[in-house]
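Per numbering that gives the first Met the number 0, the very first residue in the sequence shown carries number 0; after that it's consecutive.
Backbone N, C-alpha and C fix where the C-beta goes; we use that ideal spot for every residue, glycine too.
I have placed the structure first, in the form of structure tokens, so that the comments after it can refer back to it.
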Amino acid sequence: MPVRSVLVTGGNRGIGLAIVERFVAQGHRVAALSRAGEAPEGALGIVCDVSEADQVDAAFKVAEAAHGPVDVLVANAGITKDTLILRMSEADWAAVLDVNLTGSFRVAKRAARSMIRGRFGRIIFTGSVVGLYGSAGQVNYSASKAALVGVARSLTRELGGRGVTANVVAPGFIETDMTAGLPDDLIAKYHASIPAGRLGQVGEVAAAVAFLASDEAGYISGAVIPVDGGLGMGH
Ligand code: NDP
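Below, the structure written as structure tokens:
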């Protein structure tokens, strides 16, 4: 497999870190973007808040100078601000949409030009099972994740003829900081509804992302690949 220039947002912990580590282990040149900016050994850490368009452009320039134009983009940075709709403020809504959806748009747009020029690209969005399944208390988050499916499918129609694919990986409940704060009774409820009978591991999401980024996955585009132990089947 050729060595690729890979850029992962939210690459310093959780699912994004596992994705970065996997690409590094495969010998690719990997940039990990986050607000904190750290990266594991072998990857280039870059400070970037995806809710700031100027920071996205600056971070891409640093990654491109070090690794060449981005061939593989993983738009993974995401946040939650969970509460029931009656209590959900405009600010809760806007903050989640700005990072999860508009942040993904910003990095996809920034990466698309050189992918088109190079006639190769892999764009992978980290969606979520709740994008299509729904989730009480997550109107903002589930809307942001559902919208990524529309983004990936529209990009597929725009760029499919240029060797660029765009897909969504939709994790279920994965053990990370994001789920660490959930109350025990809620975790027990999730366990009961997940056919696999357990939460997922970050490496299981990274494996799906690595496959979609590979040359072998060149005919898969506009797809939503669940990594959820069967939780979202049929949605
Ligand atoms: P974590 O909370 O562990 O990590 C979130 C990552 O996003 C961090 O690297 C964080 O870095 C980065 N991030 C957050 N805000 C910004 C921002 N404004 N700009 C740049 N980077 C940002 O979450 P997970 O690893 O669990 O989640 C990763 C993705 O997977 C998210 O999109 C999430 O929605 C999705 N997901 C997670 C599931 C789970 O069960 N864990 C299930 C389904 C989907 P920093 O704080 O330094 O900026």
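For serine 4, the secondary structure class from DSSP, reduced to helix, strand or coil, is strand. Between the segment 157 to 172 and the segment 122 to 135, the count of C-beta pairs closer than 8 Å reaches three or more; the two stretches touch. DSSP assignment within the segment 112 to 136 yields the following whole beta strand (DSSP E) runs of 3 residues or more, N-terminal first: 120 to 125.
Annotated as proximal: alanine 31 and alanine 42, with beta-carbon spacing under 7 Å. In the DSSP assignment, valine 73 is bridged to Val7 and Ile123. With a threshold of 6 Å, the Cβ atom of aspartate 183 does not count as near ligand 1, since no heavy atom of the ligand is closer than that.
Note on geometry: alpha-carbon atoms of arginine 118 and valine 163 lie some 7 Å from one another. The C-alpha of lysine 60 is placed about 10 Å away from the C-alpha of histidine 66.
Bounds of the alpha helix (DSSP H) holding serine 153 are 138 to 158. Taking a C-beta distance under 7 Å as the contact criterion, valine 55 and valine 5 do not qualify as a contact pair. If you compare the alpha carbons of Gly136, Gly159, Ile122 and Leu158 with that of leucine 147, the shortest gap goes to Ile122. By the C-beta density criterion, glutamate 215 is exposed, having fewer than 16 other C-beta atoms within 10 angstroms.
Around alanine 205, the same chain offers Ala17, Ile18 and Arg21 as residues with beta carbons nearer than 6 Å, after the five sequence neighbours per side are excluded. Rounded to the nearest whole angstrom, the C-alpha separation of glycine 77 and alanine 38 is 17 Å. The continuous alpha helix (DSSP H) containing threonine 178 extends over residues 176 to 179. DSSP links valine 163 through a beta bridge to Gly120. At least one heavy atom of ligand 1 is found less than 6 Å from the C-beta of isoleucine 14.
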